[in-house]
């Protein structure tokens, strides 16, 4: 929405239009290649607990790729749940190992 807003502005319009066009072209190419796999790709992107791969970035990617709102929300929700499970298991394992040593 910010890029669409800025595309009409005199000073920043060219850059914002470039970003919009580049994102749409890349999104179309990716949708052609991935097809239904975009849902799984977004879920895994959000679900892997690394810096920069969370829900905010996932929704930005879904918006740039013009994904369906409902499927993108479900993919991000499931990804956040997956990331929480992974971090919970990792934390329990780490705390369990420290508790066994001391």
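In this note's numbering, the protein residues as written are 7 to 108.
Backbone N, C-alpha and C fix where the C-beta goes; we use that ideal spot for every residue, glycine too.
Bear in mind the structure is a predicted one, so any value in this text is a computation, not a measurement.
- Residue range 43-53 is occupied by the alpha helix (DSSP H) that includes residue 46.
- By the Cβ test, the region 56-66 is not in contact with the region 21-33, since fewer than three Cβ pairs between them sit closer than 8 Å.
- Going by DSSP, residue 61 is part of the alpha helix (DSSP H) stretching over 61-70.
- CA-to-CA, the gap between residue 11 and residue 19 works out to about 9 Å.
- With distances taken between CA atoms, residue 93 lies nearest to 52 out of 106, 79, 52 and 77.
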